[in-house]
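Novice: Just passing along the structure, written as structure tokens.
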Amino acid sequence: MGVLALLRVLVCCCVLVSVVNAEDPYRYYTWTVTYGTASPIGAPQQVILINGQFPGPRLDVVTNDNIILNLINKLDEPFLLTWNGIKQRKNSWQDGVLGTNCPIPPNSNYTYKFQTKDQIGTFFYFPSTQMHRAAGGYGAINVYQRPRIPIPYPVPTGDFTLLIGDWFKTGHKVLRQSLDSGKLLPSPDAVLINGQTRSTFSGDPGKTYMFKISNVGLSTSINFRIQGHKMKLVEVEGSHTVQNYYDSLDIHVGQSAAFLVTLDQPSKDYYIVASTRFTRRVLTATAVLHYSNSRTPVSGPLPAAPPNQPHWSMQQARTLRWNLTANAARPNPQGSFHYGKIIPSRTIVLANSAPLINGKQRYAVNQVSYVNADTPLKLADYFNIPGVFSVNALQSLPSGGPASVGTSIITAALHEFLEIIFQNNEKEIQSWHLDGYDFWVVGYGKGQWNRDQRSKYNLVDTLTRHTAQVYPNSWTAILVSLDNQGMWNVRSAQWARQYLGQQFYLKVWTPVKSLANEYDMPSNALLCGKAKGRHP
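Here the sequence shown stands for residues -22 to -1, 1 to 514, numbered as in mature numbering (1 follows the signal peptide of the UniProt record, and there is no 0).
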């Protein structure tokens, strides 16, 4: 081989190596959090803005993008954002909750660094501190597929993002003071769609559009529907679904879903409706689906809501199935991991309750009501700081006796496979979220769970998701593979319940320290409480 030919071979090899080892793309953002004034339900009130926007900016990213986001806090209180449904692979340092991060002080900043690793789907972010979520500060995260990874449906003409949630005319500080005094969260005053009570979404006749819906509210399940149109469900919280058609779908607090809707009706305008579920007073928000050639405004009655019955909703939830042959963010089929054939290493039963402690309303898990420590649990664990959290307070099965407060964690080994039962003995619906993971929702049922209920589990094609509803006086069973080391928040997605103690942390660990399992503490980590002044 001649010298020139050899050089050409070497150059080709170098190019090939550089392509193979190339890092995933980086996306850089600078966000400033401030107070502002808006009138989402008619009267001016204080809201939380991000870069002057309410809701905040939309994050449109691609699978495996690296996000570098500098968050500047201009509020008068410490502040954090958390990334609802983003798995934070090996990186609970960036989870943005008080058990893993020190809050960003006023007039200060923190740079989040995380990756949308192996995910496609509909997610959102929101403030995790205090009751800031009641004032806004939330926004959409849309993770799209890489160009060479196919999706199991034709690419839509466009997509619409709808952030839907209950809203309160009372300010977030007053709501917090009310909760601190022992009062219940009041009933909401309205439902908003993208921070408004009326929005318009325009499309061309005959074209198909994706509607990406997230329930960003504090407390209330919603039902979503579009006048005169069928909605084809294609994705739920990162899972491609069996593509069934729905007239409406219940979306519970913290959950997200995506539909394909074809504009195949006569050219006019149609109502988009979101209404509350399982509430004494039904609140409704409407938007408009506008055909681009329409000259006819919306008219006629709103499309009817389904029966206001938890049983109806539970039956609908069982129809949501995993598309086993579709790939996820990688080209392997979603159903290639046979979750139903794995025997769980143990069962954890988590029962929510609403006890009075010292005469004040609290919420608890297995009779322990969580209180935040002044030192994030992740830092206390990293620096071996004693006295910050307890590994013994929270039992893995419900027990009797009076409720107590504590900063509680449950420990589990990396790569354990758990069966977790959310047992709801109360009369109101619950919504549970697990940071850092998705999980298989294998069963719903009424009454008290027992081992015989396993015969009713869907062990073939149930969805993976990160937030699961639990109906009144009922149970929900999930299976989860603990493949993501870190300190992860398990919480009620209904924010007043979370704020008053319905949460704890799951420590997933192994005694072998390896960057293959978990990243080191970031060099820019904020240090507070008993970790202040320490060095990695």
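Where is the CB? At the ideal position from N, CA and C, for every residue including glycine. Being a predicted model, the structure only gives us computed values, none of them experimental.
1) I need the straight-line Cα distance from Gln93 to Arg429, nearest angstrom please.
2) At what residues does the alpha helix (DSSP H) containing Gln233 begin and finish?
3) Would you check if there are 3 or more beta carbon pairs closer than 8 Å linking the segment 159 to 171 to the segment 114 to 133?
4) Buried or exposed: which applies to Gly206, given that a residue is buried once 16 or more other Cβ atoms fall within 10 Å of its Cβ?
5) Let's test the definition: count the other Cβ atoms within 10 Å of the Cβ of residue 535 and tell me whether it reaches 16, buried, or not, exposed.
6) Is there a C-beta anywhere in chain B that falls below 9 Å from the one on Asp416?
7) Which residue marks the beginning of the alpha helix (DSSP H) containing Trp290, and which one marks its end?
8) Residues in its own chain within less than 7 Å of residue 552 by CB, not counting five upstream and five downstream?
9) According to DSSP, simplified to helix, strand and coil, what is Gly181?
10) State buried or exposed for Asn193, treating a residue as buried only when at least 16 other CB atoms are found within 10 Å of its CB.
11) Under 6 Å Cβ to Cβ from Asn76, same chain only, skipping five residues before and after it: list those, please.
12) Spatial neighbours of Phe102 within its chain, please: CB distance less than 8 Å, with the 5 preceding and 5 following residues excluded, ordered by chain position.
13) Would you check if the distance between the CB atom of Pro376 and the CB atom of Asn402 is smaller than 9 Å?
14) What number of angstroms, rounded off, separates the C-alpha of Ile26 from the C-alpha of Val214?
15) Please return the same chain residues whose Cβ sits closer than 7 Å to the Cβ of Ile204, not counting the five positions on each side in sequence.
16) On a CA-only basis, which of Phe202, Asp96, Asp413 is nearest Tyr122? Give me that one, please.
17) Three-state secondary structure (DSSP) at Tyr360?
18) Please report how far the alpha carbon of Ile200 lies from the alpha carbon of Trp410, in whole angstroms.
19) Ignore the nearest five residues each way along the sequence and tell me which others in Thr325's own chain have a CB closer than 6 Å to its CB.
20) Is the CB-CB distance between Leu58 and Thr12 below 9 Å?
21) Whose CA, out of Thr262, Asn271, Ala307, Gly511, lies closest to the CA of Phe281?
22) Within 10 Å of its beta-carbon, does Gly479 have 16 or more other beta-carbons around it, so buried, or fewer, so exposed?
23) Candidates Ile82, Ala236, Cys80: which alpha carbon is nearest Thr139's?
24) Under the rule that 16 or more other beta-carbon atoms within 10 Å means buried, what is His513, buried or exposed?
25) What are the residues that DSSP puts in a beta bridge with Ile46?
26) Beta carbon of Thr442: closer than 8 Å to some heavy atom of the ligand GTP?
27) What does a CB cutoff of less than 6 Å around Pro22 pick up in its chain, not counting 5 residues either side in sequence?
28) Lys165 and Thr257: beta carbons closer than 9 Å?
29) Quick one: any contact between the segment 462 to 469 and the segment 485 to 495, if contact means 3 or more CB pairs under 8 Å?
30) Is the beta carbon of Pro35 sitting closer than 9 Å to the one on Tyr7?
31) Under the three-state reduction of DSSP, which class applies to Gln13: helix, strand or coil?
32) How far does the alpha helix (DSSP H) with Ala474 in it reach, from first residue to last?
33) Looking only at C-alpha atoms, which of Phe367, Pro105, Thr264 sits nearest to Glu55?
34) Here's the rule: buried if 16 or more other CB atoms are within 10 angstroms of the residue's CB, otherwise exposed. What is residue 555?
35) Using three-state DSSP, classify Trp427 as helix, strand or coil.
36) Buried or exposed, going by whether 16 or more other CB atoms sit within 10 Å of the CB of Asn336?
Specialist: The structure says:
1) Stepping through the sequence shown from its first residue, residue 93 is reached at position 115. Stepping through the sequence shown from its first residue, residue 429 is reached at position 451. Spanning the two alpha carbons is a distance of roughly 38 Å.
2) Walking along the sequence shown from the start, residue 233 turns up at place 255. For Gln233, no alpha helix (DSSP H) encloses it, and the DSSP letter there is neither H nor E.
3) No contact exists between the segment 159 to 171 and the segment 114 to 133.
4) In the sequence shown, residue 206 corresponds to position 228, counting from 1. In this structure Gly206 is exposed. Its beta-carbon is surrounded by fewer than 16 other beta-carbon atoms within 10 angstroms.
5) Examination of residue 535 is not possible in this model, given that the chain is present from -22 through 514 alone.
6) The structure shown contains no chain B, having only a single protein chain.
7) Here residue 290 is taken as the residue at index 312 of the sequence shown, counted from 1. From DSSP, the alpha helix (DSSP H) with Trp290 extends over 288 to 296.
8) Coverage of the chain is limited to positions -22 through 514, which leaves residue 552 absent and any answer about it impossible.
9) What you label residue 181 is simply residue 203 of the sequence shown in a count that begins at 1. In the three-state DSSP reduction, Gly181 falls in the strand class (E or B).
10) Mapped onto the sequence shown, residue 193 falls at position 215. Asn193 should be labelled buried.
11) Here residue 76 refers to the residue found at position 98 of the sequence shown. Going by the sequence as given, residue 76 is Leu instead of Asn. Asn350, listed in sequence order.
12) Looking up residue 102 in the sequence shown gives position 124. Excluding sequence neighbours, Phe102 sits near Asn62, Gly63, Tyr116, Gly117, Ala118, Ile119, Leu141, Ser192, Val194, Ser234.
13) As a first step, residue 376 must be located in the sequence shown, where it is residue number 398. As a first step, residue 402 must be located in the sequence shown, where it is residue number 424. No, the pair does not count as a contact, with Cβ atoms beyond the cut-off.
14) Taking the sequence shown and counting its residues from 1, one reaches residue 26 at position 48. Taking the sequence shown and counting its residues from 1, one reaches residue 214 at position 236. Rounded to the nearest whole angstrom, the C-alpha separation of Ile26 and Val214 is 28 Å.
15) Position 226 of the sequence shown, counted from the first residue, corresponds to residue 204. Cβ within range, chain order: Val239, Tyr248, Ile250, Leu267.
16) Here residue 122 refers to the residue found at position 144 of the sequence shown. The shortest C-alpha separation from Tyr122 is found at Asp96.
17) Taking the first residue of the sequence shown as 1, we reach residue 360 at position 382. It is helical.
18) Walking along the sequence shown from the start, residue 200 turns up at place 222. Walking along the sequence shown from the start, residue 410 turns up at place 432. Each residue's Cα considered, the two are about 16 Å apart.
19) Numbered from 1 along the sequence shown, position 347 holds the residue referred to as residue 325. Spatial neighbours of Thr325 in its own chain (CB-CB distance under 6 Å, excluding positions within 5 residues in sequence) are listed in chain order as Glu397.
20) Here residue 58 refers to the residue found at position 80 when the sequence shown is read from its first residue. Here residue 12 refers to the residue found at position 34 when the sequence shown is read from its first residue. Not closer than 9 Å, so no.
21) Taking the first residue of the sequence shown as position 1, residue 281 is located at position 303. It should be pointed out that residue 281 corresponds to Pro in this sequence rather than to Phe. Across the set Thr262, Asn271, Ala307, Gly511, the C-alpha of Thr262 shows the shortest separation from the C-alpha of Pro281.
22) Within the sequence shown, the letter at position 501 stands for residue 479. Burial call: buried.
23) As a working mapping, residue 139 is identified with position 161 in the sequence shown. For the set Ile82, Ala236, Cys80, the Cα lying nearest the Cα of Thr139 is the one of Ala236.
24) For the purposes of this step, residue 513 is taken as the residue at position 535 of the sequence shown. By the Cβ-count criterion, His513 is exposed, with fewer than 16 other Cβ atoms from all chains shown falling within 10 Å of its own Cβ.
25) By 1-based counting over the sequence shown, the position of residue 46 is 68. For Ile46, DSSP records a beta bridge to Tyr6, Lys91.
26) This structure does not include the ligand GTP; it has no bound ligands of any sort.
27) Taking the sequence shown and counting its residues from 1, the one referred to as residue 22 is at position 44. Closer than 6 Å at the Cβ level, and outside the excluded window around Pro22, lie Thr15.
28) The residue you call residue 165 lines up with position 187 of the sequence shown. The residue you call residue 257 lines up with position 279 of the sequence shown. In the sequence as presented, Lys is not what sits at residue 165; that position holds Ser. Using a Cβ distance threshold of 9 Å, Ser165 and Thr257 count as a contacting pair.
29) Contact holds between the segment 462 to 469 and the segment 485 to 495, because three or more Cβ pairs, one in each stretch, are under 8 Å apart.
30) For the purposes of this step, residue 35 is taken as the residue at position 57 of the sequence shown. For the purposes of this step, residue 7 is taken as the residue at position 29 of the sequence shown. Contact flag set, yes.
31) For the purposes of this step, residue 13 is identified with residue 35 of the sequence shown, where counting begins at 1. As written in the sequence, residue 13 is Tyr, which differs from the Gln given in the question. Tyr13: strand per DSSP, three-state reduction.
32) For the purposes of this step, residue 474 is identified with residue 496 of the sequence shown, where counting begins at 1. Unbroken alpha helix (DSSP H) run through Ala474: 473 to 477.
33) To locate residue 55, count along the sequence shown from 1; it is residue 77. The shortest C-alpha separation from Glu55 is found at Pro105.
34) Residue 555 cannot be examined here, being either before or after the span of the chain that is shown, -22 to 514.
35) Locating residue 427 in the sequence shown gives position 449, counting from the first residue. DSSP places Trp427 in coil when its eight states are reduced to three.
36) By one-based count along the sequence shown, residue 336 stands at place 358. Its Cβ having fewer than 16 others within 10 Å, Asn336 is exposed.
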